[in-house]
Every structure is written in C-alpha cells, then in structure tokens.
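Engineer:
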Amino acid sequence: QVRVVESGGGLVQPGDSLRLSCRASGIDFSIVTVEWYRQTPGNQREWVASISFGGRSAMYADSVKGRFTISRDNAKNTAYLQMNSLKSDDTAVYFCKTLSTTTYWGQGTQVTVSS
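Going by our numbering, the sequence shown opens with residue 370, and the numbers climb by one from there.
1. Whose CA, out of Ile396, Leu380 and Gln408, lies closest to the CA of Gln476?
2. Would you check if the distance between the CB atom of Thr460 and the CB atom of Thr481 is smaller than 8 angstroms?
3. Compute the distance between the beta-carbons of Arg392 and Ile420, then report whether it is under 8 angstroms.
4. So Trp416 packs on Ala427, CB below 8 angstroms; how close in whole Å?
5. Can you list, in chain order, the residues of its chain whose CB lies under 6 angstroms from that of Ile396, leaving out five sequence neighbours each side?
6. The beta strand (DSSP E) spanning Ile400 covers which residue range?
7. Could you name each continuous beta strand (DSSP E) segment of 3 residues or more that falls completely within the segment 384-468, going from the start of the chain to the end?
8. Measuring alpha carbon to alpha carbon, tell me which of Ser390, Val381, Ser394 and Pro383 ends up nearest Tyr406.
9. What residues in its chain sit with their C-beta under 6 angstroms from that of Thr447, if we drop five residues either side in the sequence?
10. Quick check: Gly384 and Leu455, are their CB atoms within less than 8 angstroms of each other?
11. Have a look at Val381 and Thr472 and give me their C-alpha separation to the nearest angstrom.
Here's what the structure looks like:
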C-alpha cells in the first residue's frame with residue numbers, strides 16, 4: 370500500500386520558518402520526482418517546488434524563490450520543504466506529490482502565517 374504523509378505544518382508569525390516533511394512508503398522513493406503544492410479555500414492547487422529523483426535539480430515558483438528550499442533524503446524516503454521568511458500569503462494547506470509512472474498525493478498539512 371502506498372502512503373504519502375506530510376507533516377510539520379503549524380501556526381507561525383510572519384518572518385518565521387517552518388520545515389515540512391513528506392514521507393513516502395510503498396514506492397521506490399529514489400526514482401520519483403517530488404513536488405510541493407499549496408491550496409487555499411476556493412482556489413486551485415498552486416505548484417510551489419519540485420525536486421528531481423536524484424536531488425540534483427530543483428525548481429521553484431516565483432512567489433517562493435529565495436525563501437523556500439526543497440530537498441530530499443532518499444535513504445529516509447523523505448522530502449522536505451524548508452520555508453523561511455514566511456508571509457501571510459504563504460498560508461495554505463501544503464501537499465506533497467510523488468510522480469513517476471503513477472502519481473500519489475498526501476493528505477496535506479496546514480500552514481498558517483499570522484501575527
């Protein structure tokens with residue numbers, strides 16, 4: 370059974386940092402691309418960042434470039450999203466997606482940035 374589980378969300382103040390984790394099981398994590406998305410109520414999911422299966426290539430949405438860093442540890446079947454200098458606009462549910470021949474989504478983790 371494949372599972373993708375996000376964790377690490379929470380309530381923080383503007384300017385704070387958070388690190389989200391995405392742990393996958395039941396798949397060969399070392400061959401999947403991992404992507405982070407986020408979604409606010411009434412809106413479509415917005416792509417945030419991607420990392421290649423080997424971790425050598427990463428891409429970011431303009432809205433998070435320079436503040437967020439995506440990484441992965443294939444030995445732990447886990448990807449991360451380090452989020453620094455958080456803004457209220459970053460408030461959303463953050464989802465992890467793994468993709469190769471099949472796509473799997475996690476259930477999401479809530480990030481709230483508020484003073």
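Glycine is no exception: its CB is placed at the ideal position from the N, C-alpha and C atoms.
Structural biologist: In this structure, then:
1. Each of Ile396, Leu380 and Gln408 was checked against the Cα of Gln476, and the nearest Cα belongs to Gln408.
2. Against a cut-off of 8 angstroms, the Cβ pair of Thr481 and Thr460 comes out as a contact.
3. No, these two residues do not count as a Cβ contact at 8 angstroms.
4. Beta-carbon to beta-carbon, Trp416 and Ala427 are separated by about 13 angstroms, too far to satisfy the 8 angstroms threshold.
5. Apart from the 5 residues on each side of it in sequence, Ile396 sits with its Cβ closer than 6 angstroms to the Cβ of Val371 in its chain, given in chain order.
6. Looking at the DSSP string, Ile400 is not in any beta strand (DSSP E), and its letter there is neither H nor E.
7. Those beta strand (DSSP E) runs which fall completely within the segment 384-468 and span 3+ residues are 387-394, 402-408, 415-420, 427-429, 437-442, 447-452 and 461-468.
8. If we check each option's Cα against that of Tyr406, Ser390 comes out closest.
9. The residues are Ser390 and Arg392.
10. Cβ distance < 8 angstroms, so Gly384 and Leu455 count as in contact.
11. Near 30 angstroms, if we compare the C-alpha coordinates of Thr472 and Val381.
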